[in-house]
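Student: Yeah, the sequence shown ends on 345 if you go by our numbering, and it's all consecutive.
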Amino acid sequence: MSYAQYDQYGGNPHGGSTPGNDVSLGDPYAQGESTELRNMSVAPVQATQGGTYVEPRTQREFLDQVAVIRDLLRGFDTSMAEVSKFHQRLLDATDTASAAELGPGLQQLESETLSRNDQLKRLIKNLEQDAANTRNDTQNMKFTQIAPLKKEFQLKLTKYQGIERDYRTRRQEQIRRQYLIVNPEATDTELAAVADASNDPNSQNVFQMALTNRRGQAQSALGAVKARHDELQRIERTITELALLFNEMDQLVVAQEPLVERTEANAEHATTDLESGNVHVGKAIVHAKNRNKLKWWCFFICVLIVLAIALGVGLGVGLANAAKNKARNAT
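(1) Which residues in the same chain as residue 334 place their Cβ atom closer than 7 Å to its Cβ, once the five residues preceding and following it in sequence are excluded?
(2) Kindly indicate the opening and closing residues of the alpha helix (DSSP H) around residue 85.
(3) Between the beta-carbon of residue 152 and the beta-carbon of residue 79, is there less than 7 Å?
(4) DSSP on residue 162, reduced to helix/strand/coil?
(5) Can you list, in chain order, the stretches of the alpha helix (DSSP H) that have 4 or more residues and sit fully within the stretch 144-215?
(6) Give the DSSP-derived three-state secondary structure of residue 70 in the structure shown.
(7) Flag this pair as yes or no: are the beta carbons of residue 103 and residue 86 separated by less than 7 Å?
(8) If you measure between the beta carbons of residue 178 and residue 252, is that distance less than 7 Å?
(9) Do the stretch 143-150 and the stretch 123-134 make contact, defined as three or more Cβ pairs closer than 8 Å?
(10) Do residue 263 and residue 168 count as a contact pair if the criterion is CB distance below 7 Å?
(11) Would you please state the rounded distance, in angstroms, between the beta carbons of residue 350 and residue 256? I believe it to be under 8 Å.
(12) Within the same chain, show all residues whose beta-carbon is closer than 6 Å to that of residue 216, passing over the 5 residues directly before and after it, in chain order.
(13) Excluding sequence positions up to five away, which residues of its chain have a Cβ less than 6 Å from the Cβ of residue 340?
(14) Taking the C-alpha atoms as reference points, what is the distance between residue 164 and residue 84?
(15) Leaving out five residues on either side along the sequence, give the residues of the same chain with a beta carbon under 8 Å from the beta carbon of residue 182.
(16) Nearest by alpha-carbon distance to residue 71: which of 114, 287, 142, 161 is it?
(17) Is the Cβ-Cβ distance between residue 207 and residue 190 less than 7 Å?
(18) When you compare the CB positions of residue 135 and residue 145, do they come within less than 7 Å of one another, or not?
(19) With a threshold of 8 Å on Cβ separation, who are the neighbours of residue 12 within its own chain once the five nearest residues in sequence on each side are excluded?
(20) Taking C-beta to C-beta, are residue 76 and residue 171 nearer than 7 Å?
(21) With 16 other CB atoms within 10 Å as the buried threshold, where does residue 113 fall?
(22) Are there 16 or more other CB atoms within 10 angstroms of the CB of residue 280, so buried, or fewer, so exposed?
(23) Figure out for me which residue from 289, 159, 160, 107 has the closest Cα to the Cα of residue 185.
(24) Please state whether DSSP places residue 345 in a helix, a strand or coil.
(25) Suppose the cutoff is 7 Å on Cβ atoms and the five residues either side in sequence are ignored; what does the same chain contact list for residue 101 look like?
(26) For residue 50 and residue 173, what's the separation of their Cα atoms in angstroms?
(27) Between 81, 331, 127, 69, which has its C-alpha nearest residue 97's C-alpha?
(28) Out of curiosity, what's the CA-to-CA distance linking residue 328 and residue 305?
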């Protein structure tokens with residue numbers, strides 16, 4: 015699935031924006047641009063789009079958005095595997111031309127991966143805000159769905175940082191070896207300085223000065239060293255961008271903790287109230303049963319009283335008639 019297909023869920027990751035998701039991507043290596051998560055208010059705000067109130071997502075819409083994010087997370091895994099393959103091919107490249115051919119492909123892949131990461135950050139942030147704006151019984155479900163997404167995203171960011179750091183270390187080792195080709199008498203201190211200088215954009219003079227007195231074999235090493243030096247600069251920018259993104263996600267988790275805790279507390283209170291209500295309902299049922307029994311007992315007592323009265327009246331009338339008949343017969 016291409017990034018453009020996700021535009022309806024949060025904007026094209028390669029540029030532009032969608033109302034309600036106004037996040038500028040710009041240069042994927044620029045520092046300090048993606049700071050909207052740091053300033054996000056913990057308190058829920060009224061969701062608007064173009065000045066019109068936007069209702070929080072229904073449960074179905076919310077779960078559809080969760081599925082989109084999970085799909086992007088799976089794509090993140092695929093991209094990391096492809097980046098690792100590119101790294102290995104670059105490390106195995108024996109000449110400058112081969113490295114130059116592979117470099118643009120790796121840069122494009124890493125740029126797309128960083129764009130996807132920015133897309134994921136924006137979508138997760140939008141889900142957080144949607145859950146904060148929800149005022150019905152689906153709010154707890156929404157926060158429950160968001161928590162594992164954020165955790166998985168942070169774990170993948172950590173893994174990607176590890177991949178880039180490992181590649182940087184191996185690249186620096188290559189630079190040390192190639193510098194030894196140029197300057198076999200180089201000391202450990204000089205090699206360490208060369209490795210450290212590889213992270214400095216102005217450090218190419220170090221290689222140039224070391225290579226000026228050695229042409230021939232050193233000439234081919236010069237191009238390889240410069241290419242790897244440029245590659246290390248790009249790796250450093252990628253690691254910096256990943257660290258910034260990870261920190262923003264971590265701050266988002268911390269910022270949302272009070273709201274999640276309040277939601278959990280409300281859920282516990284609701285559970286307690288429900289249990290208390292069940293107890294009262296049980297008592298009411300017992301009282302109702304007792305009342306019904308009492309009604310039947312009263313009914314039976316009334317019947318017995320009526321029967322007793324009827325029996326007494328009947329006996330009285332019968333005895334009176336018998337006495338009259340007896341007196342009539344006597345006369």
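C-beta: ideal position from N, C-alpha, C; glycine also.
From a predicted model like this one, the values you see are computed outputs, not experimental measurements.
Tutor: Per the coordinate set shown:
(1) none
(2) Element bounds for residue 85: 73-106.
(3) no
(4) helix
(5) 153-196, 202-211
(6) coil
(7) no
(8) With contacts defined by Cβ atoms closer than 7 Å, residue 178 and residue 252 form a contacting pair.
(9) no
(10) yes
(11) Nothing can be reported for residue 350: it is not among the residues displayed for the chain, which extend from 15 to 345.
(12) Caution is warranted here: a pLDDT of 44 is assigned to residue 216, below 50, making its placement in the model unreliable, and the coordinate value is therefore given only provisionally. Closer than 6 Å at Cβ, skipping near neighbours: no residue.
(13) none
(14) In this structure, the alpha-carbon of residue 164 lies about 11 Å from that of residue 84.
(15) Closer than 8 Å at the Cβ level, and outside the excluded window around residue 182, lie 246, 249, 250, 253.
(16) 142
(17) no
(18) no
(19) Absent from the structure is residue 12, since the part of the chain shown begins at 15 and ends at 345.
(20) no
(21) buried
(22) exposed
(23) 107
(24) coil
(25) 181
(26) Caution applies to residue 50, whose pLDDT of 36 falls short of 50 and renders its modelled position unreliable; the model cannot decide the point.
(27) 127
(28) 34 Å
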